[in-house]
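First up is the structure itself, then whatever we jot down about it.
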């Protein structure tokens, strides 16, 4: 079975491009251009050089000895937290800024929850001398103040959003409104595998450098280029898409996503979209969506500002629907315990998002021969205030 995108922008029944008429020409031009531009040898060379010399790739694949002893399996950590700006988000923003420049765009907008995508966008805009506006929910600007400071220092304008519950969904709504008003000169750098086609595919392709490196690095470590398990956290789903990408059709590998259960899937304080969502359309694509019986979006909740999104990328909706991937719901407390465990066993403080992936370890039973690759998508500097409160 092929789990990749079809020609119409769908993963199975999920995906597509449901967009306002005013954006049709802009999105259509992007759809027609992105594969041609990103496949160009000059683009590939510039992208690769920046990933190497600016981001610091390849990111290490680290054998976590003490964590492996704890879970009686061989656990390797893909260290996206060591990238410039502190997460996987920079892989995608570099790709998209190069694309935007080649398409003649001069103004960049973005949405951000935890702020890591906002920082990564502001960073590449500084690098490429482009105007940058980042939409961020007011709730998130308060709990991610360090990242707001960084974005402003980098020259971006951070616009706090006060609608809804003032988090990622609401920031995305405002970014789309802005894009509708400024389609000709503006490129919207979406930070995850969400939005209208071609964004889910484009972001997954830029993030696929993660699984590409895992194949090479694992072969060097253990003499084979595939693990038994791949584990990554899922909000919209970009680091998980990048982690899974080159293994989607390799059935030897079990794919495990960890989504945010908040206070529990049986409460109304959760962001476990795969567990609770029903088919719907959000931000331009058909996917699973947390919604009421009459189609109103249910406000998500998670201790992690990067995972409280009421939808899920269409790639993940399809992987869940077909059974290719398993998605576990990890509560706030489980994620916090997993973050403390990694910190004290390995001396690595993970982002709260990545802590959800780590929380999946205790929900699986491994054999001693199992090789597990887990993506640490970001570092915990931005979450120190939250860690300090618990």
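In this note's numbering, the protein residues as written are 56 to 445.
Every residue gets a Cβ at the ideal spot worked out from N, C-alpha and C, and that includes glycine.
With DSSP as the reference, label residue i as helix, strand or coil.
i, result
"residue 435", "helix"
"residue 191", "strand"
"residue 380", "strand"
"residue 98", "helix"
"residue 123", "helix"
"residue 362", "coil"
"residue 88", "helix"
"residue 311", "strand"
"residue 131", "strand"
"residue 385", "strand"
"residue 218", "coil"
"residue 337", "strand"
"residue 74", "coil"
"residue 212", "strand"
"residue 267", "helix"
"residue 174", "helix"
"residue 289", "coil"
"residue 116", "strand"
Below 6 Å CB to CB, which residues in the same chain sit around residue i once its five sequence neighbours on both sides are set aside?
i, result
"residue 369", "66, 69, 70, 255, 340, 342"
"residue 413", "393, 397"
"residue 245", "254"
"residue 106", "112"
"residue 400", "121, 122"
"residue 395", "none"
"residue 118", "131"
"residue 89", "253, 257"
Whole-angstrom Cβ separation of residue i and residue j, contact assumed at under 8 Å?
i, j, result
"residue 192", "residue 148", "Between residue 148 and residue 192 the Cβ distance is about 19 Å, and since that is not below 8 Å, they are no contact."
"residue 375", "residue 382", "5 Å"
"residue 210", "residue 187", "7 Å"
"residue 441", "residue 198", "7 Å"
"residue 387", "residue 357", "7 Å"
"residue 443", "residue 404", "Not confirmed; about 12 Å, so no contact."
"residue 166", "residue 230", "4 Å"
"residue 139", "residue 110", "5 Å"
Indicate whether residue i and residue j have their beta-carbon atoms separated by less than 8 Å.
i, j, result
"residue 333", "residue 318", "no"
"residue 131", "residue 428", "yes"
"residue 144", "residue 298", "no"
"residue 164", "residue 243", "yes"
"residue 157", "residue 241", "no"
"residue 406", "residue 363", "no"
"residue 415", "residue 311", "yes"
"residue 328", "residue 367", "yes"
"residue 371", "residue 227", "no"
"residue 249", "residue 213", "no"
"residue 433", "residue 409", "yes"
"residue 153", "residue 102", "yes"
"residue 195", "residue 315", "no"
"residue 365", "residue 74", "no"
"residue 263", "residue 290", "no"
Evaluate residue i with the Cβ neighbour count: other Cβ atoms within 10 Å of its Cβ, from every protein chain shown; 16 or more gives buried, anything less gives exposed.
i, result
"residue 216", "buried"
"residue 200", "exposed"
"residue 206", "buried"
"residue 96", "exposed"
"residue 202", "buried"
"residue 184", "exposed"
"residue 350", "exposed"
"residue 36", "The chain is shown only over 56 to 445; residue 36 falls outside these bounds and no answer can be derived."
"residue 87", "exposed"
"residue 94", "exposed"
"residue 141", "buried"
"residue 322", "exposed"
"residue 124", "exposed"
"residue 204", "exposed"
"residue 308", "buried"
"residue 274", "exposed"
"residue 159", "exposed"
"residue 176", "buried"
Identify, in the order they occur along the chain, each residue of the same chain with its Cβ nearer than 8 Å to the Cβ of residue i, setting aside the five sequence neighbours on each side.
i, result
"residue 77", "235, 238"
"residue 417", "126, 389, 393"
"residue 293", "143, 144, 147, 246, 247, 248, 258, 259, 262, 368"
"residue 330", "314, 316, 320, 382, 384"
Quick one: residues in its chain with C-beta nearer than 7 Å to the C-beta of residue i, no 5 flanking neighbours on either side, listed in chain order?
i, result
"residue 225", "192, 216, 218, 219"
"residue 266", "297, 298, 299, 300, 301, 302"
"residue 115", "134, 137"
"residue 373", "58, 66, 67, 69"
"residue 179", "148, 149, 152"
"residue 82", "72, 74, 251"
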